[in-house]
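Have a look at the structure below, then the notes.
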Amino acid sequence: MNNILFAASECVPFVKTGGLADVVGSLPQYINKDEFDVRVILPYYTCIPAKFRDNFKYVTHFYMDYGLRPDGVHVGIMEYEYNGIKFYFVDNEYYFKCDYPYTSDTKWDIERFTFFCKAVLAILPVIGFRPDIIHCHDWQSALIPVFMHSTFATNPFYSSTKSIMTIHNLKFQGIWDIETFKYNTALPDYMFTSDKLEFNRAANMLKGGLVYADYITTVSETYAEEIKYPFFGEQLDGLLRARSASLRGIVNGIDYNVFDPSNDKKLYAKYTVKDAKSKKAVNKEKLQAELGLPVDRNKYMIAIISRLTDQKGLDLVNYAIERICDENTQFVIIGTGEQRYENMFKHYQWKYPDRVCAIIKYSDDLAHKLYAAADTMLMPSLFEPCGLTQLIALRYGTVPIVRETGGLKDTVVPYNEFDGTGTGFSFANYNGDEMLGAINYSKSVYYDHRAEWDKMVKRGMEADFSWNSSARQYEGMYSWMINW
Ligand code: GLC
């Protein structure tokens with residue numbers, strides 16, 4: 000049996016702010032259990048719902064040296080089994096008492112997750128789980144490979160442990176001044192040089208992970224290429240080029256048990272590929288009624304389900320929205336994020352109450368209903384490491400309109416009217432008129448070539464974006480690393 004430990008800052012169903020949580024929560028379930036014992040370790044945030052926390056089992060606690068602090072710091076360990084996977088939670092109330100996993104104070108978050116990284120390595124010998132591979136996700140767990148090469152380098156417990164760093168989003172790196180890092184980590188001076196943690200005269204957690212991990216992955220093949228160039232590289236493209244022999248992309252899957260229109264209790268009407276057309280219309284009418292939009296199954300319903308941040312291409316939407324929302328179109332947005340985008344969508348809802356509906360909150364229930372009701376899902380992202388929304392949309396027979404970047408490019412096949420192929424619409428450049436062109440083209444297919452549209456819906460629903468093939472790729476990588 001090979002032991003794999005996932006270390007991350009979020010994981011469905013315990014705590015989620017974005018797609019990272021979906022991946023960390025679902026991938027372990029799809030890794031072959033005869034060969035791999037995959038467990039997951041997370042911070043024990045107080046914002047994890049009580050229905051889970053009340054059932055966590057206390058394992059033990061101890062005090063750990065943390066950076067240059069004079070006294071030891073409390074590390075508690077909780078354990079919980081869910082869907083056949085064992086989860087560990089690192090308890091320290093001072094760091095993880097919160098309503099939301101991240102704060103607006105970067106320095107503080109770095110202190111919290113640096114603690115998490117060190118605590119993970121301190122905990123494993125105590126509970127006796129010796130991983131063959133520690134699989135780290137994003138900057139919050141990126142110091143684990145660094146500590147494995149310093150503080151824990153001579154610890155025999157880790158003598159054969161390897162590490163993987165998976166980039167879900169290169170934009171977030173965990174950067175603060177070197178003095179603070181030295182205080183938090185007690186790492187040796189030689190690690191704070193430009194070939195290691197140093198970054199624009201500060202220190203960078205993700206960079207440390209990318210330097211010291213045995214292997215690097217990211218969540219689509221195209222993003223794995225893009226980040227080697229300055230535009231997508233977030234100033235780490237040189238390092239990623241240097242490590243390109245140890246870098247690959249494996250596209251994310253989605254949990255087909257959670258996202259299944261034939262068995263989704265949140266929908267007004269469940270459906271399969273056979274009755275998608277009529278049942279999606281029912282879902283649309285019911286949702287229109289619930290949201291206070293005119294009830295009419297012939298309206299073209301465009302959806303956005305997204306964190307409302309720069310990454311998501313919302314300025315293109317702002318530029319084109321007046322021309323998107325003609326009298327036959329309804330636009331439904333679900334998401335929260337930056338104030339300016341929340342206000343922008345609220346403004347258009349006020350201006351076009353019968354065409355725009357902006358739901359500025361995170362609602363899983365409404366999101367599922369919208370996946371089922373909408374005709375298209377708009378994702379004009381500036382960059383998109385993988386994107387899960389388009390995969391869910393495809394499964395629900397909702398045609399994606401995407402910009403050709405990262406995972407969007409790898410998972411949506413553009414419609415070709417001449418040979419009748421494709422699962423969605425796409426455009427290449429980050430340009431509002433190009434996006435509008437793709438939307439208008441989709442409208443013309445929807446209204447004027449409905450039979451072709453319906454075939455496209457079917458092709459999308461039949462495409463396989465379960466974890467099946469990607470989980471096999473992770474297994475192959477794990478085995479290869481364990482045996483090298
Ligand atoms: C991040 C990326 C998104 C990706 C997700 C899971 O949220 O922005 O593209 O799908 O991580 O890997």
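At position 137 of the sequence shown (counting the first as 1) the number is 136 in numbering that gives the first Met the number 0, and the numbers step up by one without a gap.
Cβ atoms here follow ideal geometry from the backbone N, Cα and C, with glycine treated the same way.
Asked	Found
Nearest-angstrom beta carbon gap, Leu377 and Ile400 [assumed within contact, 8 Å]	5 Å
Any non-hydrogen atom of ligand 1 within 7 Å of Glu383 CB	yes
Three CB pairs or more closer than 8 Å across the stretch 364 to 379 and the stretch 302 to 309	yes
Trp175 (DSSP reduced to helix, strand or coil)	strand
Boundaries (first-last residue) of the alpha helix (DSSP H) holding Gly207	Met204 to Tyr211
Separation of Lys298 from Cys324, as counted between CA atoms	11 Å
Cys135 - containing beta strand (DSSP E), residue span	Ile132 to His136
Top-ranked residue by Cα proximity to Asp374, from Arg242, Phe330 and Ile481	Phe330
Endpoints, beta strand (DSSP E) assigned at Pro42	Phe35 to Pro42
Coarse secondary structure for Ser149, derived from DSSP in three states	coil
Alpha-carbon to alpha-carbon, Leu313 and Tyr429	11 Å
DSSP-derived helix/strand/coil call for Leu286	helix
Inter-stretch contact at 8 Å, needing at least 3 Cβ pairs: the stretch 349 to 363 / the stretch 463 to 476	no
Given Tyr395 as reference, the closest of Thr410, Lys457 and Thr16 once Cα atoms are compared	Lys457
Residues sharing a beta bridge with Arg247, DSSP	Thr216
Three-pair Cβ contact test at 8 Å for the stretch 215 to 224 versus the stretch 136 to 143	no
Delimiting residues of the alpha helix (DSSP H) encompassing Ile391	Thr388 to Arg394
Secondary structure of Glu9, DSSP reduced to three states	coil
Chain-order list of residues whose beta-carbon lies under 6 Å from that of Leu186 (same chain, five-residue window excluded)	Ser149
Ser159, buried or exposed, once every other Cβ within 10 Å from all chains shown has been counted against 16	exposed
Host beta strand (DSSP E) of Asp108 (start-end)	First-last for Asp108: Thr105 to Ile126, but that is the alpha helix (DSSP H), not the beta strand (DSSP E).
From Ala319, Leu365 and Asp363, residue whose alpha carbon lies closest to that of Phe344	Ala319
DSSP bridge partner residues for Glu80 (one or two, in chain order)	Lys85
Burial state of Asp353 (16 or more Cβ within 10 Å)	exposed
According to DSSP, residues forming a beta bridge with Met63	Val72
Buried or exposed by the 16-neighbour rule on C-beta atoms within 10 Å, applied to Trp175	buried
Test item: CB-CB of Gly71 and Asp64 under 8 Å	yes
Ser193 burial status per 10 Å Cβ neighbour count (16 or more: buried)	exposed
Best match in Tyr101, Tyr43, Ile109 and Glu92 for proximity to Glu78 [C-alpha to C-alpha]	Tyr43
Span of the beta strand (DSSP E), counted from its first residue to its last, around Pro229	Careful: Pro229 lies outside any beta strand (DSSP E), inside the alpha helix (DSSP H) at Pro229 to Gly232.
Assigned exposure category for Glu9 - 16 Cβ within 10 Å defines buried	buried
8 Å contact criterion, which Gly334 and Arg306 should meet: CB distance rounded	6 Å
Residue nearest to Ser465 in terms of C-alpha spacing, selected from Asn282, Phe258 and Asp364	Phe258
Coarse secondary structure for Pro399, derived from DSSP in three states	strand
Spatially closest choice to Gln310 from Pro124, Asn168 and Gln389, by CA coordinates	Asn168
Any non-hydrogen atom of ligand 1 closer than 7 Å to Leu387 Cβ	yes
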